[in-house]
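All remarks here apply to the structure that follows.
Here you go:
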């Protein structure tokens, strides 16, 4: 079975380590904040100028001056700090954020990522995604493995305009966890009940399948 | 206005000298920390052909989006322009030119513009449509593109508190692009919720010194919320 949104978020959260500063993109990455492992303390960075993002506010806590990068009202966690957008991206560009998680349309075997623009369709903009992929060393891309029509999103070469070049080393899809090394995808884990054959069939780029590919485990 | 006193008496006075075809840099992220009354004043003045530099372009009904109603914006420099049907229509018809700029690059362009740095190298955008036609240099085995600073004929910004000298304090994530926007305008106009006496603000707590501010006005704010998200109990 392909992973649900919640399972994707849970698997992302398994990568969180104690003391990590983390930037979570909009969508599934944001959900990962609900599954922070016990005993692990992380601080969430919101690129509009907040380090130490807390949960959504209660009705009586709503403050229009306190939002996240998705423009949702939020709260601040203990030990939070506030700063300008320039300082925020200095943190990101300067490589100070330990982990970045974001979505994509396509990833290829050379670590290229396309996530912001489909020619002919409405262009809304890249927001902070280009800065995040260029600045971070440790990035996890979350996406579906293939389109609804069964077209692979893990490619030999991205077909859409790039968000970043050669910057992705790890991809989590609804079917598998893969690393990108030396121009190849390496299959590290598979979703429970998903066969290696199915993943091979839906991966267009070169794929290395180790002898043992463990299934993901969820608590 | 006299000496270091930056306070002006009206919004009309605050934007005196703003003319057609000028470049205006605006602070704010989404609808958070936007100079909402200065934007309304631009609408009232009917200034046209504007180049607006701001992370977003408001919504159909609020923020910079209201300048689309009478097609006052010729060009928009922004990182994200969703959530606005009028924007979409004018972009598709070619009436509105859009220059998409990565968010961190946009912040740095403003910062550099205010700090006398004409351009800077960044890895952001290398190998993407953003990097096309831009100078590339290699430092330590990585590729970087040359991005130029931005300056505005005017900048408009919102802060929380100020003293009459224009020393500014921002509040929470309403700070966002505002400090850099203020520094990058030839004429910098700031609206605030409260103006206090000089000497009241602790100098250590001032986020942006008044040297960057030319005109200051106190306003009242609607502070619309784009995505009101709450948890139960």
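Chains as they are written, first to last, in the working numbering: chain A, 4 to 222; chain B, 9 to 241.
For each residue, glycine too, the CB sits at the ideal point set by N, CA and C.
Note that the coordinates shown come from a computational prediction; the quantities given were computed from them, not determined experimentally.
Residue i vs residue j beta-carbon contact at 8 Å
i, j, result
"residue 34(B)", "residue 189(B)", "yes"
"residue 9(A)", "residue 34(A)", "yes"
"residue 37(B)", "residue 185(B)", "yes"
"residue 134(B)", "residue 127(A)", "no"
"residue 163(A)", "residue 120(A)", "yes"
"residue 59(B)", "residue 79(B)", "no"
"residue 42(B)", "residue 166(B)", "yes"
"residue 91(A)", "residue 187(B)", "no"
"residue 160(B)", "residue 32(B)", "yes"
"residue 199(B)", "residue 218(B)", "no"
"residue 29(B)", "residue 66(B)", "no"
"residue 104(B)", "residue 81(B)", "yes"
"residue 192(A)", "residue 216(A)", "yes"
"residue 144(A)", "residue 116(A)", "yes"
"residue 80(A)", "residue 97(A)", "no"
"residue 75(A)", "residue 235(B)", "yes"
"residue 197(B)", "residue 23(B)", "yes"
"residue 172(A)", "residue 182(A)", "yes"
Residue i burial status per 10 Å Cβ neighbour count (16 or more: buried)
i, result
"residue 191(B)", "buried"
"residue 61(A)", "exposed"
"residue 85(A)", "buried"
"residue 148(A)", "buried"
"residue 140(A)", "exposed"
"residue 132(A)", "buried"
"residue 103(A)", "buried"
"residue 125(B)", "exposed"
"residue 186(A)", "exposed"
"residue 196(A)", "exposed"
"residue 215(B)", "buried"
"residue 19(A)", "buried"
"residue 123(B)", "exposed"
"residue 13(A)", "buried"
"residue 37(A)", "exposed"
Where residue i meets chain A, residues with beta-carbon distance less than 8 Å
i, result
"residue 115(B)", "87, 88, 89, 91 and 92"
"residue 41(B)", "68"
Contacts that residue i makes with chain A (C-beta to C-beta distance below 9 Å)
i, result
"residue 228(B)", "Going along chain A, no residue has its Cβ under 9 Å from residue 228(B), so there is no contact; the nearest lies around 14 Å."
"residue 107(B)", "Those do not exist, as residue 107(B) stays about 10 Å from chain A at its closest Cβ, beyond 9 Å."
Within-8 Å CB hit, residue i to chain A
i, result
"residue 209(B)", "no"
"residue 101(B)", "no"
"residue 88(B)", "yes"
"residue 134(B)", "yes"
"residue 83(B)", "no"
"residue 185(B)", "yes"
Below-8 Å beta-carbon distance, residue i vs any chain B residue
i, result
"residue 62(A)", "yes"
"residue 58(A)", "yes"
"residue 235(A)", "An answer regarding residue 235(A) cannot be provided, because it is not within the stretch 4 to 222 covered by chain A."
"residue 50(A)", "yes"
"residue 110(A)", "no"
"residue 53(A)", "yes"
"residue 194(A)", "no"
"residue 104(A)", "no"
Where residue i meets chain B, residues with beta-carbon distance less than 9 Å
i, result
"residue 126(A)", "89, 99, 106 and 108"
| message | Quick check: the region 12 to 30 of chain B against the region 196 to 204 of chain A, are at least 3 beta-carbon pairs closer than 8 Å? | response | Remark: fewer than three beta-carbon pairs, one from each stretch, lie closer than 8 Å, so the region 196 to 204 of chain A and the region 12 to 30 of chain B are not flagged as touching.
| Segment contact, 8 Å Cβ cut-off, at least three pairs: the region 96 to 110 of chain B with the region 101 to 115 of chain A | Between the region 96 to 110 of chain B and the region 101 to 115 of chain A, the count of Cβ pairs shorter than 8 Å is below three; the stretches do not touch.
| Is the region 16 to 27 of chain A touching the region 45 to 63 of chain A, taking contact as three or more C-beta pairs under 8 Å? | The region 16 to 27 of chain A is in contact with the region 45 to 63 of chain A.
| Counting pairs of Cβ atoms below 8 Å between the region 150 to 158 of chain B and the region 116 to 136 of chain B, do you hit three or more? | Judged by Cβ distances under 8 Å, the region 150 to 158 of chain B makes contact with the region 116 to 136 of chain B, as three or more pairs qualify.
| said: Whether or not the region 167 to 180 of chain B and the region 135 to 142 of chain B are in contact is what I'm after, with contact meaning three or more pairs of Cβ atoms, one per stretch, closer than 8 Å; do they touch? | reply: In short, these stretches do not touch, since the Cβ pair count stays below three.
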